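Counting in our numbering, the sequence shown runs from 1377 upward without gaps.
C-beta atoms are modelled at their ideal positions from N, C-alpha and C, and glycine is treated no differently.
Nothing here was measured: the structure is a model prediction, and the numbers come from that model.
Working notes, beginning with the structure itself.
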Amino acid sequence: MELLFVVLAGIIIGLLGRYLFPLRDTHGALLVPALGAGSAAILWEVLTWAGLPYDGGWIWVITLVLTAAIVAVVTPLLGRRRRDRDRAQLSALLSPKARTN
1377 MELLFVVLAG IIIGLLGRYL FPLRDTHGAL LVPALGAGSA AILWEVLTWA
1427 GLPYDGGWIW VITLVLTAAI VAVVTPLLGR RRRDRDRAQL SALLSPKART
1477 N
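Below, the structure written as structure tokens:
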């Protein structure tokens, strides 16, 4: 049951990350919430396997803080990389070499 709440918290963190960081128009609406959910679930399971009790407070704090950190690092990176690739593709398509047929 706790894993369900952790995944839900990861989705909420991902939604916050989606709307707090710029360049959200460069990726899908569910990508960052899915990243938050997946990160939270994996972190929770790893910490459970490491021996932290699921009803303790530290597993919650570590999972949610690391999930927020992952979302905070990856979300702007996704936006910048997509923007740069889009610009490179546009310039390649608009170059004179692409027009010669």
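_By the three-class DSSP mapping on this structure, what secondary structure does P1398 have?_
coil
_To the nearest angstrom, how far is the alpha carbon of L1359 from that of R1458?_
Residue 1359 lies beyond the residue range present for the chain, which begins at 1377 and ends at 1477; the question has no answer from this structure.
*Does the Cβ-Cβ distance between I1387 and L1440 come in under 8 Å?*
no
*Can you tell me whether DSSP reads G1455 as helix, strand or coil?*
helix
*Which class does A1426 belong to by DSSP, given the choice of helix, strand or coil?*
coil
*Determine the contact status of L1442 and L1428, defining contact as a CB-CB distance below 8 Å.*
no
*Which class does A1405 belong to by DSSP, given the choice of helix, strand or coil?*
coil
_Which of helix, strand or coil DSSP assigns to G1386_ = helix
_L1411 beta carbon less than 8 Å from that of V1450_ = yes
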